[in-house]
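>
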Amino acid sequence: MSVDSDDVCINISNDPDLYFADGNLVILTRDHGGNHTYFRVHQSILSKHSKALSDHIFPDSSPSQREIYDGVPLVEFQEDPRDLNIFLKFLYEPFYVFSAAPIQKGDPDIAFKMYGALRLADRFSIDPLKETILSYIREDWPQTLQAWDEREAFYSRRLKSSPGSTMDDVAPEPASVIRLARKFEPQVLTLAFYHLSRLPVNATYGQHNQAPRHARGVRGYLLSPADREKVALGRELQSRGRVPTAYLLACRGSASLYYAKHGCSDYAANDAKP
């Protein structure tokens, strides 16, 4: 269904997977275009997984004081419908969520696709969901140069065995990882910044028709001004042949020779803070 509001067409729909006829709570979300998506769920299932989530749904008032939609209380979440869909699916079917696209283990774009669900998991203390997502990120962004070289070789093999694909289809994109790591997994920042500093300034994610098949892209719009400064400094250092320093500049824009000698993992553990 759609309605016109101030000459803007707004779509109104029930989530196709999570609108249960016997649910006793409806959650409304709106996307960036203002389109409405309704989820009809069971408060008991949500409360079982998270007291924080239950308290958010009914903080002070009783259900009878809530707005009603389709005969049951309505609560609004300021979240993207796609993120809430993933989050709620985990509460209902945790094993299904991690065996189905778009969140299979090995999905190179998991940092981008799961960022919103990760925020919800952190906010409402759903630790199994949070830890599973972060474990996938750690696997893609290891803490030693040797392990990183092995991952790069893996991505090259994956590309070779996937005709019609580009490197963006088979390897993780660094800007989305940096956005996630700033808040949830700072130890991967070092390698993500190093990788980003090696890419061309104009590398753009998804421009498959304008770049070689093996080229890597970047979602530049996800980078903060401070992130851009660090990347620029990294490129400058590498152009001077100071690769070890560039490798370790990730979170501060500089690094001591001690850390250059002792590797990425020590630096990330002791000095790479967001």
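Numbering (my numbering), first residue to last: 2 to 275.
All residues carry an ideal CB built from backbone N, CA and C; glycine is no exception.
Which residue's Cα is closest to the Cα of Y39: R220, I46, V202 and P17?
The option with the nearest alpha carbon to Y39 is P17.
> Cβ of A53 within 9 Å of Cβ of F88?
Cβ atoms of A53 and F88: not closer than 9 Å.
> How would you call T145, buried or exposed, if buried means at least 16 neighbouring beta carbons within 10 angstroms?
Exposed, by the Cβ-count rule.
> Write down the C-beta distance between S177 and R220 rounded to the nearest angstrom, noting that I regard them as a contact closer than 8 Å.
The pair is a contact, with the Cβ atoms about 6 Å apart (cut-off 8 Å).
> Can you find the residues in the same chain that come closer than 6 Å, C-beta to C-beta, to N15, ignoring five residues on each side of it along the sequence?
Hits under 6 Å: Y39.
> Starting from P74 and walking both ways along the beta strand (DSSP E), at which residues does that stretch end?
Element bounds for P74: V73 to E77.
> Where does the unbroken alpha helix (DSSP H) through Y93 begin, and where does it stop?
Residues P82 to Y93.
> Given this structure, state the Cα-to-Cα distance separating Y156 from E80, to the nearest angstrom.
Taking the straight line from one Cα to the other gives about 33 Å.
> Apply the 10 Å Cβ neighbour rule to R158 and answer buried if 16 or more other Cβ atoms are within range, or exposed otherwise.
Flag for R158 reads exposed.
> DSSP beta-bridge partners for S14?
In the DSSP output, where bridge partners are listed per residue, S14 has T38.
> Where does the unbroken alpha helix (DSSP H) through R31 begin, and where does it stop?
Element bounds for R31: not the alpha helix (DSSP H) but the beta strand (DSSP E), L26 to R31.
> Assign G235 to buried or exposed, taking buried as 16 or more other Cβ atoms, counted over all protein chains shown, within 10 Å of its Cβ.
G235 is buried by the Cβ-count criterion.
> Where D108 and H37 are concerned, what is the direct C-alpha to C-alpha distance, given to the nearest angstrom?
Distance between the alpha carbons of D108 and H37 is about 28 Å.
> Can you give me the Cβ contacts of G35 inside the same chain, cut-off strictly under 6 Å, excluding the 5 residues immediately before and after it?
Contacts found: I11.
> Please specify which runs of the alpha helix (DSSP H), each continuous and at least 4 residues long, are wholly inside the segment 162–230, giving them in chain order.
Complete alpha helix (DSSP H) runs here, min 4: 168–171, 175–185 and 190–199.
> What separation, rounded to the nearest whole angstrom, lies between the Cα atoms of P245 and P143?
At P245, the pLDDT of 49 sits below 50, so the modelled position is not reliable and the matter cannot be decided from this model.
> State the Cα-Cα distance for the pair D23 and I69, rounded to the nearest angstrom.
Straight-line Cα distance between these residues: approximately 15 Å.
> Is R41 near V73, with beta carbons less than 9 Å apart?
Yes.
> For L19 versus V76, is the C-beta spacing smaller than 9 Å?
It is not a contact, given that the beta carbons lie outside the stated cut-off.
> Near R199, which residues of its chain fall below 6 Å by C-beta distance, leaving aside the five closest residues on each side in sequence?
Excluding residues within five positions, none has a Cβ falling inside 6 Å.
> Using a Cβ-Cβ cut-off of 8 Å (strictly less than) and excluding sequence neighbours within five positions of H43, which residues of its own chain qualify?
Correct list, in chain order: F21, D23, G24, N25 and L26.
> Going along the chain, which residues of its own chain have a beta-carbon closer than 7 Å to the beta-carbon of H50, five neighbours each way excluded?
Cβ neighbours of H50 beyond the five flanking positions: L92 and I127.
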